Structure formats: structure tokens, C-alpha cells
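This report concerns only the one structure given below.
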Amino acid sequence: MVSRSQPGNKKPRSKPAAKRKPAAKRSTPSKASRSAPEITPFTHEEDLAGYRGMLMIRRFEEKAGQMYGMGLIGGFCHLYIGQEAVVTGLQMTVQEGDQIITGYRDHGHMLAAGLDPKGVMAELTGREGGLSKGKGGSMHMFSKEKHFYGGHGIVGAQVSLGTGLALANAYRDNDNVSYVYFGDGASNQGQVYESFNMAELWQLPVIYVIENNQYAMGTSVSRSSAQTDLSKRGVSFNIPGEQVDGMDIRAVRDAGARAAAWCRAGKGPYILEMMTYRYRGHSMSDPAKYRAKEEVSKMREEHDAIEQVRARLLEGKKVTEADLKEIDKEVRAIVSDAAAFAKESPEPDPAELWTDVTAPAEQEEGASA
Ligand SMILES: Cc1ncc(C[n+]2csc(CCOP(=O)(O)OP(=O)(O)O)c2C)c(N)n1
Ligand SMILES: [Mg+2]
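The sequence shown begins at 0 in numbering that gives the first Met the number 0 and counts up by one.
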């Protein structure tokens, strides 16, 4: 029988004393952390890893866009191009067993979590080799092995589900954190605040990552939100929040490390508002007429996350243009293989319609069959 520390009292959840330092008194991170904290520089190796990781997402998404155009991908398809630094930087702070959950713009999150690009692409084409056996498509992919809980099409739904994952961590009294990604549009949803309330009340280990890409479909944040500083959305619940330059992978990693340390110390939830931008339309069917082309090109030219790392790497002189081209070539080859696999994998057997509808009941330990 596992002893459970029942969440319910507003006090730091119980934890192995050696592991977690109890939070004697709630303290929000200093005001200073709200105004651009100092950024920890990346080592050459970290820059290289960040470069490769972000490039993988970008090339994958470009290929997905092409395949959609060719009719090989049907249904919805939301690309992550422009936002790569958010998930790549935060993934650097994830520990084994931490859960990840997000909305429908999920391909990048899966790749960053270490899932095989073949399985992701084959899910987009709706084939047997896809991560949801071709039955979920772009918006609904999961991986038990990587603790990746989707891929959700209902705006905001992942916030309450992700809070539940944090509740599970509290019950299990483990050291894990639930990373819950959602958009600026989702941040206006009621269930987000019900979740915030419970998370703070029960001191749940959850990082709420608001990916503020400035738009919810065609509506800008300023047109839809009374409080446009989304990092402040936890104020009335006493949840600390930070606004982060989501185009700078180093700032993302730093903020993620602060948030994860806060959660792992048993101090409850944390909000990170990642200031980012999507270069493409909301989905493949959006011509993005609600914003000026210049707005997009300005972001690309002045703030692109991959270009920032590329410039740093070249400045460091440990790699040349040719070395970076070689990395791009390797990444493109992986993506090409994934595309070939996604085209060749067979369509799911119609009998699959009846499987994976409900979870099989887990057999209780010691129960007779
Ligand atoms: C409950 C619900 N309401 C509306 C929609 C339609 N819808 C799909 S995406 C979206 C915009 C969400 O924007 P945001 O949260 O900023 O995420 P982003 O697409 O920018 O990543 C809306 C309104 C939906 N899927 N679910
Ligand atoms: Mg948005």
C-alpha cells in the first residue's frame, strides 16, 4: 500500500526531506526577475544542441507544410515555425518522468521530447506507423514512453488535464513537474483559472507555459485581452509569473530552470509567459490577412531564434558556415526519411476503429483475475 500525501491543505506538499526544501513562506520571485534578468550564456555545445534541435523542428514543419499542399496530409495542421526556441529551451530543463502536455500546435513539442520524426510525420499522414496509429492526426498524438500527454484540439483543455498530471505527482510524492503549454487565446478560458486556483491551493508542481505568439487565430492579444501582460494572470492566486523573451533560447532555458526548481522545491505552480511569434498562418487554411507582411518579416529578420544561435556559433569561430550547412544537411536527411516513411506506411486497418477507444482497466495489485 503506497502512502499518499493527500493534497488539500494549503501548505507545501510533503516530500522526502532530503530532496525538497520546504517552502516556509510563500515568496514570489523578486520584482527584478520580471524585468529582463541576466541571461546565462550557453556553452558552445549547448548552442550547437539548441541549433540542431530548433532546426529539426523548422525543417520538419516546412516539410509538413509541403506535404499538406500536396494533399498527403488531411484535416487540420498547425505549424510551429517561429516558436521553436520555446519548446527546445524548456526541454533542456525537463527531467525523466516529467509530463508534457500541449494543444494542437504540437509537432515541435513531440520532436523536442525526443520522439521519432517518422512516427510524428506518419501520424500527420494518418498512417499505421504514426504515433497514434494514424487515428489521431496532427492534433492528437501521445507517447506513454516520453510522458507526452498530447496533442489536444479543445482550446484550454490541456490546462486542466495538465494540472491533473501535477496532482498525480503530488499524490505519488515524486519529484516530477508537469509542463503545461497553452496559447494566449487559451489563457482567456475559464478552466485555466479553475486550474490555477487548485494548483496554488494544493501547491501542485506545474509550470504553466503561455506561448504568447500574439494571435489566437486572427485575433490579436490586444483585441481580446483586458490584461495583455499574461504573466500577471496568476496574481490573484499568488502564482508567480515571468515574461520571457521566447525568441532567445537561453532566456527560455533560464526561466524554465527557475520555474522547475520552484516546483521541485514543493512551492507550487509557476507561470512563464513566452513572448514568441508564429510566422505562418494559424493553420494551413489561414492566409493571415489580419496582419501586415512587414510585421512578419520584421520578426524573422530581427528576432529569429535560429538565426540568433547561428550568429553566436559563427562568432565563436569554433564552427564554420560549412559545418552549419552540414548540420542542416543531416537534419534535412532525417526529415526526408520521415516523409518517405509517412508516405509508405499503410493506412490503418478499419478494425482499428474499435481499438484504443477506452483504456483497458489496470489490474489491481494482488487482485485475483
Ligand atoms: C474550446 C474551443 N474554442 C474554440 C476553438 C477554436 N479555436 C481553435 S484554435 C483557436 C485559437 C487559440 O489561440 P491560442 O490559444 O493563442 O493558440 P495558438 O493557435 O496561437 O497556438 C480557437 C479559438 C477550439 N478549438 N476550442
Ligand atoms: Mg496564440
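C-beta atoms are modelled at their ideal positions from N, C-alpha and C, and glycine is treated no differently.
Being a predicted model, the structure only gives us computed values, none of them experimental.
The C-beta separation of ILE56 from ALA111 comes to about 7 Å, placing the pair in contact by the 8 Å criterion.
Under a 10 Å Cβ-count criterion, ARG263 is classified as buried, with 16 or more other Cβ atoms of the shown protein chains found around its own Cβ. ASN212 has its CB nearer than 6 Å to a heavy atom of ligand 2.
Between GLU44 and SER344, the CB-CB gap reaches or exceeds 7 Å.
The three-state secondary structure of VAL243, taken from DSSP, is strand. Of the residues assessed, LYS117 falls on the buried side of the cut-off, its CB having 16 or more other CB atoms within 10 angstroms. Taking all protein chains in view, the Cβ of ALA254 is crowded by 16 or more other Cβ atoms within 10 Å, so the residue is classified as buried. When C-alpha distances from ARG257 are compared across VAL208, ASP285 and SER159, the shortest belongs to VAL208. Within the chosen limit of 6 Å, ligand 2 reaches the beta carbon of GLY182 through at least one heavy atom.
Rounded to the nearest whole angstrom, the CA to CA distance from ALA215 to MET138 is 16 Å. Around the beta carbon of PRO204, 16 or more other beta carbons lie within 10 angstroms, which makes this residue buried. The beta-bridge partner set that DSSP reports for PHE147 consists of ILE99 and SER142. Cβ-Cβ distances below 7 Å link ALA84 to MET53, GLY245, MET246, ASP247, ILE248, VAL251 and ALA304 in the same chain, with the five nearest sequence neighbours on each side left out; the list follows chain order. Remark: the C-beta of ALA225 is outside contact range of ligand 2, defined as less than 6 Å to any heavy atom. In this structure VAL191 is buried. Its beta-carbon is surrounded by 16 or more other beta-carbon atoms within 10 angstroms. Counting only residues of its own chain and dropping the five nearest sequence neighbours on each side, GLN242 has a CB closer than 6 Å to the CB of SER230 and GLU272. Of all C-beta pairs linking the segment 37-51 to the segment 299-313, three or more are shorter than 8 Å, placing the two stretches in contact. A straight-line Cα-Cα distance of about 8 Å links ARG277 and VAL295. Note that the segment 66-76 does not touch the segment 315-328; fewer than 3 beta-carbon pairs, one per stretch, sit closer than 8 Å.
Contact check for SER177 and GLY152: beta-carbon distance about 20 Å, past the 8 Å limit, so the pair fails to qualify. If you compare the alpha carbons of LYS62, VAL86, LYS132 and THR39 with that of VAL356, the shortest gap goes to LYS132. Approximately 17 Å separates the beta-carbon atoms of ASN187 and MET274; this is outside 8 Å, ruling out the contact. Annotation for MET53: no beta strand (DSSP E) segment contains it, though the alpha helix (DSSP H) segment containing it runs 43-68. The straight-line gap separating the alpha-carbon atoms of GLU314 and ALA321 is approximately 14 Å. Of MET120, GLY265 and PHE141, the smallest CA-CA separation from ILE100 is found for PHE141. In the three-state DSSP reduction, THR275 falls in the coil class, being neither helix nor strand.
In this model, GLU95 and ASN175 are separated by some 8 Å (Cα to Cα). In this chain, the alpha helix (DSSP H) harbouring GLY255 covers 248-263. Cα atoms of PHE181 and ARG299: separation of roughly 22 Å, rounded to the nearest angstrom.
The three-state reading of DSSP puts THR218 in strand, counting E and B together. CA-CA distance, PRO349 to LEU166, rounds to 37 Å. Sixteen is the threshold: since fewer than 16 other Cβ atoms of the shown chains lie within 10 Å of the Cβ of GLU193, the residue is exposed. In terms of Cβ geometry, GLN202 and GLY129 do not form a close pair [threshold 7 Å]. With respect to the 7 Å criterion, SER219 and GLN213 are classified as neighbours on the basis of their beta carbons. Exposure of GLU329 is indicated by the presence of fewer than 16 other C-beta atoms within 10 angstroms of its C-beta.
The beta carbon of ALA338 sits closer than 8 Å to the beta carbons of LYS62, MET66 and MET120 from its chain, once the five residues preceding and following it are set aside; these are given in chain order.
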